[in-house]
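Report on one structure; see the data block that follows.
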Amino acid sequence: MAQASLPIEPEPRPGSSARARPGWLGRLGVGTSVGDGAFRVTTALVAATVVLALIAIFAELARASSLSLEAFGLDFITSQNWDPVRDEFGALPFIYGTLVSSLIALLLAVPVGIGTAIFLSELAPEWIAKPLGFLVELLAAVPSVVYGLWGIFFLAPVLREHVQPFLASTLGILPIFQGPHLGFGMLAGGIILAIMILPTISSVSREVLRAVPGIYREGALALGATHWEAIRTAVLPHARSGLVGGVILGLGRALGETMAITMVIGNRPEIDLSWFAPSYTMASVIANEFTEATGDLYLAALAEIGLLLLVVSVALNVVARLLVWRVGRLPSGARV
Amino acid sequence: MEDASYMRRKLVDHAVRGACFIAALLAVVPLFSVLYYVASKGAGGLNLAFFTELPKPVGEEGGGMANALVGTLELVGLACLFAMPLGVLAGIYLAEFRESKLATVVRFSADVMSGVPSITIGIFVYTLVVLSTGHFSALAGGIALALIMLPTVTRTTEELLKLVPEELREAGLGLGVAKWRVTMRVMVRTALPGIATGVMLAIARVAGETAPLLFTAFNNRFWGGALDEPIASLPVQIYTYAVSPYEDWHRQAWAAALVLVTMVLVLNVTARVLVRHRVRAR
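Line order of the protein sequences matches chains C and P. Start counting the first sequence at 7; every next residue gets the next number (this note's numbering). Start counting the second sequence at 27; every next residue gets the next number (this note's numbering).
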């Protein structure tokens with residue numbers, strides 16, 4: 007292969023014979039190790055900046071939110087009162103909006119995502135699995151703001167004209183499907199998030215299923231199991247913790263997702279049981295109000311919401327990675 | 027009796043397989059819907075003015091997004107300038123000294139960092155750069171994007187270096203070449219095309235990022251070439267226009283989305299095809 011054209015020359019020196027003699031540093035026994043030592047130190051220092059950057063993000067957000075942390079303490083996450091004019095800040099409506107929209111996203115994306123992964127890795131022949139898997143991964147490539155644009159001009163009108171009247175007429179006794187049909191609101195936000203976390207869940211699940219040794223399936227099939235029974239009794243139990251990891255990674259993405267959901271959720275800081283009603287998420291309130299925040303306490307309150315978001319999504323990310331590592335490995339280079 | 031249970035099992039099997047197939051189809055529906063809308067609505071707004079003119083004031087028809095196009099290129103360029111050397115060197119460290127304690131910590135940090143919501147990176151850069159310099163700037167936007175790229179570039183470099191056969195290193199060392207030169211001139215050079223495609227994927231990702239730019243690069247209705255001035259970018263412009271009440275701005279938002287999606291998908295698909303090609307060749 008590439009061996010024929012190795013890009014190294016043994017550095018002929020003026021006056022040296024064909025067989026290279028070590029330079030004076032080399033004769034002292036330090037020639038190569040100085041270079042090697044310097045190389046190791048340089049790359050180590052650069053690598054350490056990654057760690058420093060992460061620590062700095064935590065430290066800086068904690069510092070920026072210190073005013074709000076002192077002023078409100080735990081009340082910050084239990085109070086519903088978000089009133090910048092009176093300098094009163096309670097983040098509960100945003101926490102509620104983030105949690106419920108992410109929950110809707112999981113309800114929709116988990117069955118579809120894991121079903122897709124099972125289809126792609128267990129059932130589909132190669133010639134279907136490859137292009138289909140490719141398309142699902144492209145979902146992750148579309149920028150968030152483009153999903154938001156699509157949400158405003160396509161998804162929200164469709165929800166308002168067709169989906170919400172249908173849900174209200176069939177499942178209208180449930181409080182989550184009551185109220186005026188606006189299109190924009192919690193449901194729209196949850197659906198947009200579901201689309202955006204679907205590729206995360208399906209590609210991690212696919213990777214995890216692929217890591218299950220083929221002999222498990224063959225054993226079950228040889229005992230007379232149907233295809234689905236083999237998957238259910240032999241493959242899924244082996245992959246379970248990895249699948250849960252994939253779902254948690256998806257949840258982490260849903261919590262931190264900003265643009266698309268800001269554009270469709272309606273941005274009203276009120277807790278409403280109905281999924282048709284407008285809501286507000288933690289990431290959205292930062293995106294909308296950060297540049298307009300006047301006053302140090304206001305800015306600190308928004309930074310504290312950012313800090314909460316950071317801590318929760320990092321914790322979820324760590325847990326998810328531990329779960330996935332137990333089974334297989336994440337697709338390399340994936341930003342999940 | 028035996029037959030009935032067999033039939034039932036077979037039926038369940040078919041039902042589940044059908045459900046999985048439908049799930050896979052459902053998964054790609056949104057992709058086609060988004061691409062269809064972006065293409066059909068965006069094509070109408072594309073014209074020469076879109077690529078060459080500045081935005082017009084509210085109420086005036088026409089104008090373009092030339093400044094946002096250039097702005098996105100500048101921001102992504104800045105991000106690469108910061109993230110590429112750092113990420114590649116950090117990745118080299120991870121691959122070459124993979125057993126060291128620091129490597130474990132760095133690897134873990136990079137993974138954790140890739141899970142940090144991009145909006146919080148925006149806050150971080152705001153308090154660090156924007157507050158200390160006193161204004162929104164292209165530089166701040168570039169730093170924010172670089173922080174998003176950094177973990178991806180680091181881990182991709184590491185993974186691709188690990189794929190280079192150890193025999194190449196042994197051959198180099200056997201010729202008496204210093205270890206670090208073997209790393210740089212044999213290992214890294216062999217992995218370079220792969221690393222380049224990894225960087226392409228990272229670029230495709232940050233080119234569409236909006237949230238971290240909102241309060242770092244901010245926006246600019248005019249040409250903002252300087253590093254210490256606010257700068258326009260395609261994603262932020264799409265957002266601003268999409269949530270505005272003006273018909274003409276909506277049209278331009280779709281056109282900008284078409285340009286952005288084309289850019290991102292071309293980068294993404296090219297990188298994936300190249301990676302697949304290389305893996306097959308190996």
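Cβ atoms here follow ideal geometry from the backbone N, Cα and C, with glycine treated the same way.
Contact with chain C by residue i, beta-carbon distance below 8 Å
i                : result
Lys205 (chain P) : yes
Met139 (chain P) : yes
Leu253 (chain P) : no
Pro261 (chain P) : yes
Ile7 (chain P)   : What the structure shows of chain P is the stretch from 27 to 308, and residue 7 (chain P) is not part of that stretch, so it cannot be assessed.
Arg124 (chain P) : no
Thr159 (chain P) : no
Lys127 (chain P) : no
Ala94 (chain P)  : no
Thr146 (chain P) : yes
Phe150 (chain P) : yes
Pro143 (chain P) : yes
Thr130 (chain P) : no
Minimum Cβ-Cβ distance from residue i to chain P less than 8 Å
i                : result
Tyr153 (chain C) : yes
Arg343 (chain C) : Because chain C here runs from 7 to 342, residue 343 (chain C) falls outside it and cannot be looked at.
Gly256 (chain C) : no
Gly248 (chain C) : no
Asp302 (chain C) : no
His233 (chain C) : yes
Arg327 (chain C) : yes
Thr374 (chain C) : Because chain C here runs from 7 to 342, residue 374 (chain C) falls outside it and cannot be looked at.
Ser208 (chain C) : yes
Ile201 (chain C) : yes
Pro117 (chain C) : yes
Pro149 (chain C) : yes
Ala309 (chain C) : yes
Ile124 (chain C) : yes
Asp278 (chain C) : no
DSSP-derived helix/strand/coil call for residue i
i                : result
Pro81 (chain P)  : strand
Gly251 (chain C) : helix
Glu167 (chain C) : helix
Glu255 (chain P) : coil
Phe282 (chain C) : coil
Pro13 (chain C)  : Summary for Pro13 (chain C): the model assigns pLDDT 48, below 50, so the residue's position carries little reliability; its value from the coordinates is reported in the next sentence. Pro13 (chain C): coil per DSSP, three-state reduction.
Asp93 (chain C)  : coil
Trp275 (chain P) : helix
Gly89 (chain P)  : strand
Gly256 (chain C) : helix
Gly37 (chain C)  : Bear in mind that the predicted position of Gly37 (chain C) carries a pLDDT of just 49, short of 50, making it unreliable; the figure below should be weighed with that in mind. Helix, per DSSP.
His40 (chain P)  : helix
Trp249 (chain P) : coil
Gly103 (chain C) : helix
Gly220 (chain P) : helix
Gly202 (chain P) : coil
Gly191 (chain C) : coil
Gly168 (chain P) : helix
Gly301 (chain C) : coil
Gly272 (chain C) : strand
Leu31 (chain C)  : With a pLDDT of 47 at Leu31 (chain C), under the threshold of 50, the predicted position of this residue should be treated as unreliable, and no value is reported.
Any non-hydrogen atom of the ligand FMN within 7 Å of residue i CB
i                : result
Leu173 (chain P) : This structure lacks the ligand FMN; in fact it carries no ligand of any kind.
Nearest-angstrom Cβ-Cβ length linking residue i and residue j, presumed shorter than 8 Å
i                : j                : result
Ser144 (chain P) : Ala237 (chain P) : 5 Å
Phe78 (chain C)  : Phe95 (chain C)  : 6 Å
Thr122 (chain C) : Val151 (chain C) : That pair is no contact at about 25 Å.
Pro163 (chain C) : Gly189 (chain C) : 6 Å
Practice problem: Check each residue of the region 221-232 of chain P: if its Cβ is closer than 7 Å to any Cβ of chain C, include it; give the result in chain order. | Solution: Gly224, Leu227, Ala230 and Arg231
Quiz item: If you measure beta-carbon to beta-carbon, which residues of the region 57-69 of chain C are closer than 7 Å to chain P?
Solution: Val57, Ala59, Leu60, Ile63, Glu66 and Leu67
Quiz item: Hey, is the region 125-139 of chain C in contact with the region 102-113 of chain C, meaning 3+ C-beta pairs nearer than 8 Å?
Solution: no
Quiz item: Is there contact between the region 226-242 of chain P and the region 284-298 of chain C, where contact requires at least three CB pairs shorter than 8 Å?
Solution: yes
Self-check item: Contact residues within the region 263-295 of chain P, judged by C-beta distance below 8 Å to chain C
Solution: Ile264, Tyr265, Ala268, Val269, His276, Ala279, Trp280, Ala283, Leu286, Val287, Val290, Leu291, Asn294 and Val295
Exercise. Say whether the region 144-160 of chain P touches the region 260-269 of chain C, bearing in mind that this needs 3 or more beta-carbon pairs closer than 8 Å, one atom from each stretch.
Key: yes
Quiz item: For the region 232-244 of chain P, which residues have a beta carbon sitting closer than 8 Å to at least one beta carbon of chain C?
Solution: Ala233, Gly234, Glu235, Thr236, Ala237, Leu240, Phe241 and Phe244
Practice problem: With 8 Å as the C-beta to C-beta threshold (strictly closer), list the residues of the region 156-179 of chain C near chain P in chain order. | Solution: Trp156, Ile158, Phe159 and Phe160
Quiz item: Relative to chain C, which residues along the region 189-201 of chain P have a C-beta separation below 9 Å, given in chain order?
Solution: Pro191, Glu193, Leu194, Ala197, Gly198 and Leu201
Quiz prompt | Proximal residues, the region 42-59 of chain P versus chain C, C-beta separation under 8 Å | solution = Val42, Arg43, Ala45, Cys46, Phe47, Ile48, Ala49, Ala50, Leu52, Ala53, Val54, Pro56, Leu57 and Ser59
Self-check item: the region 55-65 of chain P / the region 152-164 of chain C touching (three or more Cβ pairs under 8 Å)
Solution: yes
Self-check item: chain P contacts from the region 281-306 of chain C (Cβ-Cβ distance under 8 Å)
Solution: Ala289, Ile292, Ala293, Phe296 and Thr297
Self-check item: Segment contact flag, the region 106-125 of chain P with the region 154-165 of chain P, C-beta cutoff 8 Å, min 3 pairs
Solution: no
Exercise. Pull out every residue of the region 262-275 of chain C whose Cβ sits closer than 8 Å to any Cβ of chain P, in chain order.
Key: Gly262, Glu263, Thr264, Met265 and Met269
Quiz item: Got a sec: which bits of the region 70-104 of chain C sit with their beta carbon under 8 Å from any beta carbon on chain P, in order along the chain?
Solution: Ala70
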